[in-house]
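Asks: Mapping of the sequence shown onto this note's numbering: residues 157 to 328, in sequence order.
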Amino acid sequence: MIKGNSYIFVFSMLIVLLIVLVSETPIIIKASLAALTMAFSIPSIRKLMFKDKCRKMKAALYSSLTFTLGLFLISIFEEPSSILSGDHLSLLMAVLFYSLLGNFIYGLPASLMAEVISIRFFTIRTWLSGFIHIAFGLITYFIMPGLFIPAIICAILFFALDEIINVYPSNT
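1) Is there contact between the region 273–285 and the region 188–199, where contact requires at least three CB pairs shorter than 8 Å?
2) Taking 8 Å as the cut-off, does the region 251–258 touch the region 214–226 (at least 3 CB pairs, one atom from each stretch)?
3) Under three-state DSSP, which class holds S179?
4) Of all the options V251, V272, V323, I288, which has the alpha carbon lying nearest to the alpha carbon of T222?
5) Put F196 into one of helix, strand or coil per three-state DSSP.
6) With a 10 Å radius around its C-beta and 16 neighbouring C-beta atoms as the bar for buried, classify C310 as buried or exposed.
7) Looking only at its chain, what residues have a beta carbon closer than 8 Å to the beta carbon of M157, apart from the 5 residues adjacent to it on each side?
8) For the alpha helix (DSSP H) holding F287, just list the boundary residues, first then last.
9) Could you pull out every residue in the same chain whose Cβ sits closer than 7 Å to the Cβ of I321, ignoring the five residues on either side in sequence?
10) To the nearest angstrom, how far is the alpha carbon of D387 from that of M249?
11) Short of 6 Å in beta carbon distance, which residues of its chain neighbour L204, apart from the five on each side in sequence? Order them along the chain.
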C-alpha cells in the first residue's frame, strides 16, 4: 500500500488518528475523520485528491466561502443594522466553520466517489456527477434534517465550482 521510506507519513496518520479517537467529539464525526485519515493511505485516493493542483480541496474551500458569503449578503438585506454586531459575526464564523467541516469530511469523499463513478460515462459525465453530488446532499436529510437545505446548496456549489476549476484551471 505505502511504498518506500514512509515513516513520516505513517507517523502523521497515527497521530491524527490518536487525536481523533481521544477527542470528545460525537462518534459519527470521529468515524468520519478516522475513515478520511485512513483513506489517505490508499494511493488512488491520494492521487485523486491531489490531482490538478488539489482541485477538489479548492472546490471544497471555495464552496464553503461562497456559501458563507451568500448567507452574509442575504443577511444584509434582512437586517442591515446588525451587520457588524458581535453576534452576527460569530454566527457567520460558525457557518463558515461548519460548512468547511461538512465540505471536507462529507463533501470531499462524495465528490471523489462522484468522479470515480462518472468518469466511466464520458458522454454524460457532467450530468451524472452533478446528480451524485446532489444525491449526497439529499442524504443529509436522513442524517441531520435541519441541515438539509444548506447541504444541498453546498453540494450544488461544490459541483459547480469543481467543474469550473476543472474547465478553467489556474496557472499557479
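Backbone N, C-alpha and C fix where the C-beta goes; we use that ideal spot for every residue, glycine too.
Replies: By the coordinates alone:
1) Because the criterion of three Cβ pairs below 8 Å is not met, the region 273–285 and the region 188–199 do not touch.
2) They touch, by the three-pair rule.
3) Locating residue 179 in the sequence shown gives position 23, counting from the first residue. Here S179 sits in coil by DSSP.
4) As a first step, residue 222 is located in the sequence shown; it is residue number 66 there, counting from the start. Ranking the options by Cα distance to T222, first place goes to V251.
5) Working through the sequence shown from its first residue, we reach residue 196 at position 40. Of the three classes helix, strand and coil, the one that applies to F196 here is coil, per DSSP.
6) Counting from one through the sequence shown, the residue named residue 310 turns up at place 154. Its Cβ being crowded by 16 or more others within 10 Å, C310 is buried.
7) Reading the sequence shown from its first residue, position 1 is the one you call residue 157. Here M157 scores only 47 on pLDDT, less than 50, and its place in the model should not be relied on; the value that follows carries that caveat. Cβ within range, chain order: S197, I198, P199.
8) Your numbering for residue 287 matches position 131 in the sequence shown. 281–299 is the extent of the alpha helix (DSSP H) around F287.
9) Numbered from its first residue, the sequence shown carries residue 321 at position 165. Cβ neighbours of I321 beyond the five flanking positions: R211, K214, A215.
10) Beyond the ends of the chain as shown, which are 157 and 328, falls residue 387; an answer cannot be given.
11) As a position in the sequence shown, residue 204 is number 48, starting the count at 1. The answer, listed in chain order, is L268.
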